[in-house]
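If you're matching them up, the sequences are chains A and B in order. Just so we're aligned, residue 459 is where the first sequence starts under this note's numbering, counting upward by one. Just so we're aligned, residue 237 is where the second sequence starts under this note's numbering, counting upward by one. Remarks on the structure that follows.
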Amino acid sequence: MDPLRHDGAEVVLRHRVPVRLWHWISVLAIVGLLFTGFCILNVHPRLYWGEVGNAYTPALLALESSEPGGPRPTTHPAPAVLRFGNRQYDVTGRLGVVADAGGDGLYFLIANTPESWQFGAMRAWHFAIAWILVLGWIGYAIYLIASGEFRSRLLPQVSQLRPRAIANDVIKHLKLHRASGEEAKSYNLLQKLSYLVVIFVLLPLMILTGLTMSNAVTARFPELYSMFGGRESARTIHFLCAFALVLFAVIHLVQLFVAGFVNEMRSMITGRFAIRGSRIP
Amino acid sequence: MSEKITRRAVVTAASVAALGLAGGAALRGARIKDDFLKASEQLTLRAQRLVLGRRTLAREFSARDVSPVFPVNGTHVPPGAAYQELVASGFRDWALKVEGLVRHPLSLSLAQLALLESRTQTTMHCCDEGWNAVATWTGVPLARVLALAEPLTRAAYVVFHCLDRREDGKLYYESIDLFDANHPQTILAYRMNGRSLPVGNGAPLRLRVETQIGYKNAKYIDRIELVDRLDGLGNGRGGWWEDFDGAVWYAAQ
């Protein structure tokens with residue numbers, strides 16, 4: 459990377475075009491998938507473990523109406539409990555609404571969504587956007603390996619894995635330390651690990667558990683069921699991974715400010731990243 | 237210096253182009269949205285057909301896996317006196333019509349359907365809402381009925397016209413292509429868990445298309461029509477949920 463003059467500080471090419479392209483495509487896709495995914499969970503806010511799960515089987519986690527005699531659209535706010543194993547919490551007025559779907563009866567939802575957000579259309583969007591995420595991920599994975607960036611930028615170096623180095627890195631994170639000079643030129647250990655987990659664990663899990671919910675796919679690859687312990691387990695893991703991605707995004711954004719918002723954003727848009735604390739005479 | 241100007245020019249040009257595209261997209265928004273969703277659905281269909289092959293069976297379960305309670309969803313009882321009369325008479329006066337692009341239009345009573353070869357399968361019904369349940373279904377393979385009717389070479393889709401009128405006043409209908417129609421597990425079921433098909437589950441006859449999601453498994457079937465295209469029916473999207481709710485037609489996802 460050629461050092462370039464930029465307001466006296468050394469400027470490096472931080473992210474190449476394929477990385478920037480993949481990053482922003484994935485941001486848009488993940489936002490779309492989280493939104494449509496929430497709308498899908500909304501109509502059946504119950505998560506199960508194992509093969510089968512429905513209103514008549516026990517749930518791991520469920521938002522339920524606590525109205526005696528079943529939900530009624532006339533009671534406001536809808537009496538609701540969040541059930542987590544044996545524990546239950548009263549969430550009346552905070553979560554849970556009753557929607558009257560005419561001939562289809564009553565639905566107990568997490569939140570009310572406008573009728574124009576058709577449920578079937580939300581599913582259609584979810585699958586369409588999923589293609590973008592999947593194809594983008596395949597392209598990016600190929601790029602990472604082919605360009606050597608997987609080894610040179612994402613895999614932790616041996617020196618980073620020494621106990622002392624690990625402890626140092628954790629302390630720096632806790633102190634919200636802003637990297638400068640040479641250390642700013644490469645990812646730190648926790649950063650590398652979180653990117654590796656997102657790219658090679660969370661996203662593949664999202665894709666595979668999503669495919670496990672397709673009867674046509676599992677007809678050909680029944681191994682998917684055993685891999686995730688059943689269709690409903692796969693659905694639950696799908697939502698847990700979505701939650702983990704949200705968690706990553708929150709931390710990612712916090713770190714953006716810790717590391718310097720303008721500089722980091724510029725590096726992901728134009729590729730140029732100024733190294734703090736360096737001066738080119 | 238010259239590099240900076242070039243850069244600025246490129247960025248400006250790109251911004252103007254993006255704005256123009258966005259404006260155009262807003263004008264043709266509905267069209268683009270439909271095209272995008274349709275393209276994705278086609279991509280899913282093509283990719284699955286390519287990878288999954290023709291004769292893969294959806295997983296079947298054993299009798300002890302049958303769900304104690306099978307949730308009834310959608311229509312619980314089709315409205316109207318005509319359906320009540322059919323129920324009262326044990327569907328004696330009901331007959332499945334097979335028509336459209338076929339060489340031999342058929343009319344088959346429940347007794348006649350039961351005389352044809354049957355298939356019994358214990359499978360998982362997966363609702364698009366996210367829940368599922370297991371039941372044993374017995375019925376005649378759709379391929380068998382189609383073989384009797386002999387579809388014309390032009391026929392591409394099998395449409396199921398149903399007895400239940402929805403809240404918008406329209407009759408429920410669904411459709412699948414001949415590939416899924418000829419799948420060995422695609423049956424017209426008249427029995428569930430060893431008993432006559434209950435009203436809540438679609439009596440007298442319902443479709444089981446095990447590679448697709450719940451709403452494709454049309455209940456209360458009255459008439460089967462073979463067509464070469466779907467845009468002449470309903471709102472042209474191939475099914476009631478597709479027309480009414482934007483649901484995907486190819487619902488193996």
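Each residue gets a CB set at the ideal place from its N, CA and C atoms; glycine is no exception. Note that this is a predicted model, so its numbers are computed, not measured.
**Item:** Whole runs of the alpha helix (DSSP H) within the segment 619-652 of chain A, excluding any shorter than 4 residues
**Value:** DSSP runs (the alpha helix (DSSP H)) wholly in the segment 619-652 of chain A: 621-632.
Item to check | Interfacial residues, the segment 670-689 of chain A to chain B, with Cβ spacing under 8 Å | outcome: MET671, SER672, ASN673, ALA674, VAL675, THR676, ALA677, ARG678, PRO680, TYR683 and ARG689
B/TRP477 at chain A interface by Cβ criterion, 9 Å: yes
Suppose only complete runs of 3+ residues qualify. What are the beta strand (DSSP E) ranges in the segment 469-524 of chain A, listed by chain order?
519-523
*B/VAL302 beta carbon near the ligand FMN (any heavy atom closer than 8 Å)*: Among the ligands in the structure shown, none appear at all, so the ligand FMN cannot be discussed.
Among the candidates A/PHE679, A/ASP558, A/PRO529 and A/ILE568, whose CA atom is the shortest distance from the CA of A/LEU540? Of the candidates A/PHE679, A/ASP558, A/PRO529 and A/ILE568, the one whose C-alpha sits nearest the C-alpha of A/LEU540 is A/ILE568.
Inter-residue spacing [alpha-carbon to alpha-carbon] between A/SER484 and A/ILE590: Cα to Cα, A/SER484 sits roughly 8 Å from A/ILE590.
In its own chain, which residues sit with a C-beta less than 8 Å from the C-beta of A/THR815, not counting the 5 before and 5 after it?
Nothing in the structure corresponds to residue 815 of chain A, since chain A is present only between 459 and 739.
If distances are taken between C-alpha atoms only, which option among A/VAL475, A/GLU468 and A/VAL469 comes closest to A/SER605?
A/VAL475
query: Is it buried or exposed for A/PRO461, if we count other Cβ within 10 angstroms and need 16 for buried?
result: Because A/PRO461 sits at a pLDDT of 47, beneath the cut-off of 50, its placement in the model cannot be relied upon, and the point is left open.
At a Cβ threshold of 9 Å, is A/HIS502 touching chain B?
yes
Output the residue ranges of the alpha helix (DSSP H) runs that lie fully inside the segment 512-583 of chain A and measure 4 residues or longer, sorted by chain position. none
Check: Given that a residue counts as buried once 16 or more other Cβ atoms are within 10 Å of its Cβ, and exposed if not, what is B/ALA391?
Finding: buried
List the residues of chain B whose Cβ lies closer than 8 Å to the Cβ of A/ILE596, in chain order. Residues of chain B passing the Cβ test: none, with the nearest at roughly 13 Å.
Can you tell me which residues form a DSSP beta bridge with B/GLN357?
B/TRP373
Is the Cβ of B/HIS362 closer than 9 Å to any Cβ of chain A? Sequence check: residue 362 of chain B is Cys here, not His. So yes, B/CYS362 belongs to the interface.
Cβ-Cβ distance between B/ASN429 and B/ALA369 below 9 Å
no
Point to revise | Span of the alpha helix (DSSP H), counted from its first residue to its last, around A/VAL720 | key: Per DSSP, the unbroken alpha helix (DSSP H) holding A/VAL720 starts and ends at 719-727.
Query raised in the report: I think B/CYS398 touches B/TYR451, with their Cβ atoms under 8 Å apart; what is that distance to the nearest whole Å?
Result: Contact flag wrong, Cβ pair sits at about 12 Å.
Could you tell me which of A/ALA520, A/THR533, A/HIS481 and A/ALA579 sits nearest to B/ASP270, measuring between CA atoms? Closest by alpha carbon: A/ALA579.
*Keeping to the same chain, check which residues put their C-beta closer than 6 Å to that of B/TRP477; ignore five residues upstream and five downstream.*
Listed in chain order, the non-local C-beta contacts of B/TRP477 below 6 Å within the same chain comprise TYR451 and ALA483, local neighbours out to five positions each way being set aside.
Note to self: I want to verify the contact list: residues of chain B whose CB lies under 9 Å from the CB of A/GLN576, in sequence order.
What the structure shows: PHE480, ASP481, GLY482 and ALA483
* Applying the criterion that 16 or more other CB atoms from any shown protein chain within 10 Å of the CB defines a buried residue, is A/ASN544 buried or exposed? -> exposed
What residues in the segment 293-314 of chain B bring their beta carbon closer than 9 Å to a beta carbon of chain A?
LEU293, ALA294, ARG295, PHE297, ASP301, SER303, PRO304, VAL305, PHE306, PRO307, ASN309, GLY310, THR311 and HIS312
(request) Counting only the same chain and skipping the five closest in sequence on each side, list residues whose C-beta sits under 6 Å from that of A/PHE542. (result) Taking A/PHE542 as the centre and dropping the five residues before and after it, the same chain places the C-beta of LEU519 closer than 6 Å to its C-beta, in chain order.
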